[in-house]
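S.K.: Protein chains in written order, with our numbering: chain A, 6 to 120; chain B, 36 to 150.
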């Protein structure tokens, strides 16, 4: 079965703190894709990153970085120097089996950044 | 480049009524997905289209649900004889095919409340 687990339901930090959001996935596929999406209070899911299973290089984009570790089936997301605008629900997702492209989402982590 | 649009944004209906939602994908995207999101959960896959063909339906999609994508452009999702359990956010997403690997871009969703 394919599954995505985000064990952290809610995280609260003070502005400028670093925060890491955890994502653990299960799949039997050797080729798969992982995604992170942000859902701000407005409700619209915003694509952040896509990573394929053959590329274990960490990626950095501004204050965002992602750590993909196949050995532990994890794809963690770190926000450096958090800002109030980072407050949102963050979802990790796994590309489902086959060619459908359907996404299997985790339960989401609500991040609150306080000023 | 306009994003994915959905109408209406909110719908309140009485139990037993039929409702129809519309999704307009990004124009060059040939794949269109419907998801449902309930409070505190990640989106769950309902169905998807490649061009006008509906290629997969989730078992979440009961016989009361039907989706169409005539001419491979916009899509509609109809729920017949609504039940209170249908209350949720209905999300539409589109992507380029890329053999199912492409990132999906989401619309703002239609929030359905069944009273």
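Ideal placement from N, C-alpha and C gives every residue a C-beta, glycine not left out.
Could you work out which residues of chain B lie near residue 38/A, taking near to mean beta carbons separated by less than 8 Å?
M.R.: The residue labelled residue 38/A in the question sits at position 33 within the first chain. Correct list: 136.
S.K.: Find out if the Cβ-Cβ distance for the pair residue 98/A, residue 21/A is shorter than 8 Å.
M.R.: The residue given as residue 98/A occupies position 93 in the first chain. The residue given as residue 21/A occupies position 16 in the first chain. It is not a contact, given that the beta carbons lie outside the stated cut-off.
S.K.: Would you decide whether residue 142/B is buried or exposed? Buried here means 16 or more other CB atoms lie within 10 Å of its CB.
M.R.: One-based indexing of the second chain puts residue 142/B at position 107. That one is buried.
S.K.: Please report the Cβ distance between residue 40/B and residue 67/B, rounded to the nearest whole angstrom; I am assuming they are in contact, meaning their Cβ atoms lie under 8 Å.
M.R.: Taking the first residue of the second chain as 1, we reach residue 40/B at position 5. Taking the first residue of the second chain as 1, we reach residue 67/B at position 32. Actually they are not in contact, since the Cβ atoms of residue 40/B and residue 67/B sit about 12 Å apart, beyond 8 Å.
S.K.: Does DSSP put residue 106/B in a helix, a strand or coil?
M.R.: The residue given as residue 106/B occupies position 71 in the second chain. In the structure shown, residue 106/B sits in a helix (DSSP, three-state: H, G or I).
S.K.: In chain A, what lies closer than 8 Å to residue 91/B by C-beta?
M.R.: Start at 1 with the first residue of the second chain, and residue 91/B comes out as number 56. Near residue 91/B (Cβ distances below 8 Å), the residues of chain A are 105 and 107.
S.K.: Give me the Cα-Cα distance between residue 83/A and residue 66/A, rounded to the nearest whole angstrom.
M.R.: By one-based count along the first chain, residue 83/A stands at place 78. By one-based count along the first chain, residue 66/A stands at place 61. Their backbone Cα atoms lie some 10 Å apart in a straight line.
S.K.: Is there a Cβ of chain B sitting closer than 8 Å to that of residue 112/A, yes or no?
M.R.: Position 107 of the first chain, counted from the first residue, corresponds to residue 112/A. Yes, because at least one Cβ of chain B sits closer than 8 Å to the Cβ of residue 112/A.
S.K.: Which of helix, strand or coil does DSSP assign to residue 77/A?
M.R.: Stepping through the first chain from its first residue, residue 77/A is reached at position 72. Three-state result, residue 77/A: helix.
S.K.: With a threshold of 8 Å, are at least 3 pairs of Cβ atoms found where one atom belongs to the region 101 to 117 of chain A and the other to the region 59 to 79 of chain B?
M.R.: yes
S.K.: I'd like to know if the region 19 to 37 of chain A and the region 42 to 49 of chain B are in contact, where contact means that at least 3 CB-CB pairs between them fall below 8 Å.
M.R.: no
S.K.: Verify the CB distance criterion: does residue 73/A have a CB-CB separation below 8 Å to chain B?
M.R.: Here residue 73/A refers to the residue found at position 68 of the first chain. No - not a single Cβ of chain B is within 8 Å of the one on residue 73/A.
S.K.: Return helix, strand or coil for residue 39/B, following the three-state DSSP convention.
M.R.: In the second chain, the residue the question calls residue 39/B occupies position 4. In this structure, residue 39/B counts as coil in the three-state DSSP scheme.
S.K.: Please list, in chain order, the chain A residues whose beta carbon lies closer than 7 Å to that of residue 143/B.
M.R.: In the second chain, the residue the question calls residue 143/B occupies position 108. Among the residues of chain A, those whose CB is under 7 Å from the CB of residue 143/B are 48 and 49, following chain order.
S.K.: Under DSSP, the beta strand (DSSP E) around residue 62/A begins and ends at which residues?
M.R.: Residue mapping note: residue 62/A aligns to position 57 of the first chain, counting from 1. No beta strand (DSSP E) holds residue 62/A; DSSP gives it neither H nor E.
S.K.: Expressed to the nearest angstrom, what Euclidean distance is found between the alpha-carbon atoms of residue 87/B and residue 106/B?
M.R.: Counting from one through the second chain, the residue named residue 87/B turns up at place 52. Counting from one through the second chain, the residue named residue 106/B turns up at place 71. Taking the straight line from one Cα to the other gives about 6 Å.
S.K.: In chain order, what residues of the region 94 to 112 of chain B put their CB closer than 9 Å to some CB of chain A?
M.R.: none
S.K.: What residues in the region 75 to 100 of chain A bring their beta carbon closer than 7 Å to a beta carbon of chain B?
M.R.: 96 and 100
S.K.: Any Cβ of chain B within less than 8 Å of the Cβ of residue 56/A?
M.R.: Stepping through the first chain from its first residue, residue 56/A is reached at position 51. Answer no: the Cβ-Cβ gap between residue 56/A and chain B never drops below 8 Å.
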